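Structure record follows, encoded as structure tokens.
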Amino acid sequence: QVQLVESGGGSVEAGGSLKLSCVASGLLYNICAMDWYRQAPGKERELVSRIGSFGTTTYADSVKGRFTISRDNSKNTLYLQMNSLKTDDTAEYYCAANCPGSRDYWGQGTQVTVSS
1 QVQLVESGGG
11 SVEAGGSLKL
21 SCVASGLLYN
31 ICAMDWYRQA
41 PGKERELVSR
51 IGSFGTTTYA
61 DSVKGRFTIS
71 RDNSKNTLYL
81 QMNSLKTDDT
91 AEYYCAANCP
101 GSRDYWGQGT
111 QVTVSS
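In our numbering, the protein residues as written are 1 to 116.
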């Protein structure tokens with residue numbers, strides 16, 4: 001059974017930092033591309049960042065220079081370091097696994113709230 005479990009969300013003031021984690025189990029983590037998505041109330045879910053199985057990273061323009069995605073394959077864990085947070089970053093954050101020959105898998109989400 002595949003499970004993705006996010007943690008690290010919370011409430012922070014603008015300008016602050018948070019680090020999200022996502023622990024994966026039940027899949028061949030090393031060969032999967034891993035994503036962070038977010039969804040704010042009333043808005044569509046958007047891709048925040050992606051890291052490929054070989055470590056190639058991409059970021060949404062809105063978070064470039066502020067967020068850093070990383071992965072620890074020895075721990076089956078995905079991270080998202082979020083710095084200089086803005087109120088617009090307030091959303092539910094989800095990790096997702098995109099594995100070859102398989103459907104996508106999603107975590108349950110973790111809430112990030114940034115106050116001014």
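Glycine included, each C-beta is placed from N, C-alpha and C at the ideal position.
Predicted model, so just to flag it, every value in this text is computed and none were measured.
{"Query": "Quick one: what's got a C-beta closer than 7 Å to leucine 47's C-beta in the same chain, skipping five residues either side?", "Result": "Asp35, Tyr37 and Ala60"}
{"Query": "Look up glycine 109 in the DSSP assignment and give the residues it is bridged to.", "Result": "Note: glycine 109 sits in no beta bridge, so no partner."}
{"Query": "Are arginine 50 and threonine 58 closer than 9 Å when you measure CB to CB?", "Result": "yes"}
{"Query": "Hey, quick one: how far does the beta strand (DSSP E) through serine 121 stretch, first residue to last?", "Result": "Residue 121 lies beyond the range of the chain shown here (1 to 116); nothing can be said about it."}
{"Query": "On the premise that valine 112 lies in contact with tyrosine 93, defined as a C-beta separation below 8 Å, what is that separation, rounded to the nearest angstrom?", "Result": "6 Å"}
{"Query": "Bridge partners of glutamate 6, per DSSP?", "Result": "Cys22"}
{"Query": "So, with DSSP's three-state summary, where would you put threonine 90?", "Result": "coil"}
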